[in-house]
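Input: a single structure, listed below in structure tokens.
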Amino acid sequence: MVKLNRSTDMALRIAMLTAPASARTTVDELADRLDLPRSHVAKVVQRLQRTGVLVTVRGRSGGVAFAEGAERITVGRVVRAFEGEGEVVSCEESGCALRVGCRLRVQLRRAQTAFLAVLDEVPLSDLVDDPAATLLLTLAPPAPEAT
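Listed below in structure tokens is the structure:
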């Protein structure tokens, strides 16, 4: 069973929450709505910005928003940005005596490639299309009132 690290999980949830929202949100609001530590959310938001999923605006009226065109970014790309390209098992680091003739490593690499290939077929937009968008909008911060 492949298990995504906590940052990857957070990144996908943050992307899903910001995608359908029409207004910018803040790191504090994201942390509150997703019940996550603010410091972790801030780090994940920065990485999502570098990946092209989010845009951030500094200042009093700043915030975080889903980037234009980010709906075409795949889940696989986000997972790679957070998980890296490393192997499931690090045979060299463990000093495994079986690594010379081991066939397991090859099979794990094949499984990881297949896993990512499936996620490469899923654009972020697929995660937030209706009916999910309706639910996600109830979790998103309310749009600021016009004055």
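The number in the numbering used here is simply the position in the sequence shown, starting from 1, with 135 added. Ideal Cβ positions, reconstructed from N, Cα and C, are used throughout, including at glycine.
Measure the alpha-carbon distance for residue i versus residue j and round it to whole angstroms.
i	j	result
residue 186	residue 251	17 Å
residue 215	residue 142	12 Å
residue 161	residue 220	30 Å
residue 195	residue 155	23 Å
residue 212	residue 260	13 Å
residue 227	residue 248	20 Å
residue 223	residue 168	32 Å
residue 171	residue 189	18 Å
residue 244	residue 197	42 Å
residue 158	residue 173	20 Å
Where do the N-terminal and C-terminal ends of the beta strand (DSSP E) with residue i fall, by residue?
i	result
residue 191	189 to 192
Alpha helix (DSSP H) containing residue i: first to last residue?
i	result
residue 164	162 to 169
residue 239	239 to 255
residue 178	173 to 186
residue 150	141 to 153
residue 262	259 to 263
Run the CB neighbour count on residue i, radius 10 Å, all protein chains shown included, and call it buried at 16 or more, exposed below.
i	result
residue 241	exposed
residue 202	buried
residue 246	exposed
residue 232	exposed
residue 148	buried
residue 239	exposed
residue 263	buried
residue 139	exposed
residue 235	exposed
CB of residue i to nearest heavy atom of the ligand ZN: below 7 Å?
i	result
residue 161	Among the components modelled here there is no ligand, and therefore nothing to report on the ligand ZN.
Which ranges would you report for the alpha helix (DSSP H) in the region 197 to 228 if only whole runs of at least 4 residues count? Here the runs fully enclosed are 210 to 218.
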